[in-house]
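Visitor:
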């Protein structure tokens, strides 16, 4: 990448000398420095101008912008790895994702950082669609009986009436949401739209969808439930999804033929790891922040292991759940802490299995599955040759919470047992690979942030509102961007706010 960082990132950069001069003045006043700081793993006592909490995309993007402006930055990560909700693992010779995957072509900031650190983003080398370019059929399981989605309309298992009768259960929610979609994400939170700040189930029910259809929509969504998410927030997320699918004008670093969605070729986690390696100071792992104090000396951050860090400002990028457990002195306004406490992320648990033989050829049913029982959804993932190497059991909401009570090995055995019960041909044809629970991960508290019904206005106003020397990032604070792009943009915005302070 030949362009300098200012032109590449398209942002105003604070003059290094001006920033360092201001920092020196702050140090003289006792606002900076760490004279009493315990030794860190990097050796010796450390001082920094700014502390960034969280080493996911948001925190790393913030740290990079701040360092480029001449600031000394310390990044604290509570987990024992870099990456946040990007998580790539290897099992039995297979490398796969248990976190975020897709990078839209419209993700300009994500692509800019990938270009900067030498990480390739390319179209996936696997085909998840049928030979005609349409989605593959799904085995629909209702009340323990199975029918292919290709035969759903004529099946006696289909109880739906009217317009619903022709729609397979996995497509009900998408169809319902498309009928009421926002034209653009811009202005999604306008006061005129707040009438839609009600439970999504109530909103769709008022549009004529039956109770049975609504129950089945809860299986195929990625929300905690249709009852616990605001319809307006769901419409915002749908608008983000459409933005992710849409292409953008190619930059000089990407060809015009680049499709609308790509994957990190070395695995999603490779991107934040490369961003961390590019920083002047390596992020400190195992530093779970439990307290943040603003005082006459600036900011003091306390970790669960007893270490304390001081700086002039702090940028916090962790999700709302972990954020709500941090003790702030003085306390932020009550309305702000209530927004954090009430904005949770949905539980998603995945179970990854390797098929040792193609059992779907024995029973003649589609590989992908949807069911209204505890197993919810099963998705087949092929390799570059088209061979199915992995099945993903995908559970949302209460279904995820129930299996999260099991130990990981027991959870994988449960999934294989359920599959054998529903499809006897799979008995003895599967081996466990891995399972990932985002709802029980205390550093994430879930996968996708949600706004509860009736809380949109307060959430937009207070979720990321600056509190003294404390600034906030994280994908949940970039309401106008989707996925990974929201994380990166939020971090850069928080850094810009610090530099402008």
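Residue numbers (my numbering): 164 to 664.
Just so it is clear, CB atoms sit at the ideal spot from N, CA and C, and this is done for glycine as well.
Every value quoted in this text rests on a predicted model; they were computed, and no experiment measured them.
What is the C-beta distance between residue 552 and residue 546, in whole angstroms, given that I count them as a contact (C-beta under 8 Å)?
Guide: 5 Å
Visitor: Are three or more beta carbon pairs between the region 437-455 and the region 226-244 nearer than 8 Å?
Guide: yes
Visitor: Using the rule of at least 16 other Cβ atoms within 10 Å of the residue's Cβ for burial, across every protein chain shown, is residue 354 buried or exposed?
Guide: exposed
Visitor: On the premise that residue 280 lies in contact with residue 530, defined as a C-beta separation below 8 Å, what is that separation, rounded to the nearest angstrom?
Guide: At roughly 36 Å, the Cβ-Cβ gap does not stay under 8 Å, so residue 530 and residue 280 are not in contact.
Visitor: Buried or exposed for residue 181, going by 16 or more other Cβ atoms inside 10 Å?
Guide: With a pLDDT of only 42 at residue 181, under 50, the local geometry of the prediction cannot be trusted, and the value read off the model is given with reservation. Its Cβ having fewer than 16 others within 10 Å, residue 181 is exposed.
Visitor: Cα separation between residue 658 and residue 598?
Guide: In a straight line, the C-alpha of residue 658 is about 35 Å away from that of residue 598.
Visitor: Quick check: what's the CA-CA separation for residue 324 versus residue 373?
Guide: 9 Å
Visitor: Using the rule of at least 16 other Cβ atoms within 10 Å of the residue's Cβ for burial, across every protein chain shown, is residue 370 buried or exposed?
Guide: It is exposed - the Cβ of residue 370 has fewer than 16 other Cβ atoms within 10 Å.
Visitor: Which stretch, first to last residue, makes up the beta strand (DSSP E) that contains residue 257?
Guide: 257-260
Visitor: Look at the Cβ atom of residue 224, then the Cβ atom of residue 276, and state whether they are nearer than 8 Å.
Guide: yes
Visitor: Assess contact between the region 244-260 and the region 616-624, defined as three or more Cβ pairs (one per stretch) separated by less than 8 Å. Is contact present?
Guide: no
Visitor: Which residue spans inside the region 345-405 form an unbroken alpha helix (DSSP H) run of at least 4?
Guide: 363-368 and 374-383
Visitor: Just to confirm my understanding: we take residue 477, look at its own chain, exclude 5 residues before and 5 after, and list those with CB closer than 8 Å. What are they?
Guide: 213, 214, 215, 216, 455, 462, 464, 632, 633 and 634
Visitor: Based on the DSSP output, what are the partners of residue 640 in its beta bridges?
Guide: In DSSP, residue 640 forms no bridge with anything.
Visitor: From what residue to what residue does the beta strand (DSSP E) around residue 595 run?
Guide: 593-600
Visitor: Just to confirm, are residue 266 and residue 427 a CB contact at a threshold of 8 Å?
Guide: yes
Visitor: Pop quiz: residue 512 and residue 590 are said to be a contact at Cβ under 8 Å. What is the actual Cβ separation, rounded to whole angstroms?
Guide: In fact, because the Cβ distance is near 23 Å, the residues do not count as touching under 8 Å.
Visitor: Look up residue 542 in the DSSP assignment and give the residues it is bridged to.
Guide: 555
Visitor: Comparing C-alpha positions only, which one of 394, 282 and 506 sits nearest to residue 121?
Guide: Beyond the ends of the chain as shown, which are 164 and 664, falls residue 121; an answer cannot be given.
Visitor: Where residue 554 and residue 584 are concerned, what is the direct C-alpha to C-alpha distance, given to the nearest angstrom?
Guide: 16 Å
Visitor: Is residue 360 closer than 8 Å to residue 616 when the C-beta atoms are compared?
Guide: yes
Visitor: What ranges does the beta strand (DSSP E) occupy inside the region 471-551, keeping only unbroken runs of at least 3 residues that lie completely in it?
Guide: 471-474, 476-479, 490-492, 511-518, 531-534 and 540-545
Visitor: Give the secondary structure of residue 424 by DSSP, where H, G and I count as helix, E and B as strand, and everything else as coil.
Guide: strand
Visitor: If you count every other CB in all the chains shown that lies within 10 Å of the CB of residue 467, and 16 or more means buried, which is it?
Guide: exposed
Visitor: With burial defined as no fewer than 16 other Cβ atoms inside 10 Å of the residue's Cβ, what is the status of residue 316: buried or exposed?
Guide: Exposed, since its Cβ has fewer than 16 Cβ neighbours within 10 Å.
Visitor: Taking the beta carbon of residue 498 as the centre, do at least 16 other beta carbons fall within 10 Å, making it buried, or is it exposed?
Guide: With a 10 Å radius around the Cβ and a threshold of 16 neighbouring Cβ atoms, residue 498 comes out exposed.
Visitor: Given a threshold of 16 other Cβ atoms within 10 Å of its Cβ, counted over all protein chains shown, does residue 328 qualify as buried or as exposed?
Guide: exposed
Visitor: Using alpha carbons as the reference points, say which of 430, 605 and 475 lies closest to residue 253.
Guide: 430
Visitor: On the premise that residue 387 lies in contact with residue 534, defined as a C-beta separation below 8 Å, what is that separation, rounded to the nearest angstrom?
Guide: About 19 Å; that fails the 8 Å criterion.
Visitor: Are the beta-carbon atoms of residue 596 and residue 255 separated by less than 8 Å?
Guide: In this structure, the beta-carbon distance from residue 596 to residue 255 falls below 8 Å.
Visitor: Determine the closest residue to residue 425 out of 399, 647 and 663, with distance taken between C-alpha atoms.
Guide: 647
Visitor: Can you check DSSP and say which residues form a bridge with residue 630?
Guide: 633
Visitor: Could you check what DSSP says for residue 449 in three-state terms: helix, strand or coil?
Guide: Here residue 449 sits in coil by DSSP.
Visitor: Would you kindly work out how many angstroms separate the C-alpha atoms of residue 399 and residue 525, rounded to a whole number?
Guide: 43 Å
Visitor: Hey, could you find the ends of the alpha helix (DSSP H) residue 253 is sitting in?
Guide: Run containing residue 253: none in the alpha helix (DSSP H); it sits in the beta strand (DSSP E), 251-254.
Visitor: Output yes or no for whether 8 Å exceeds the beta carbon distance between residue 441 and residue 518.
Guide: no
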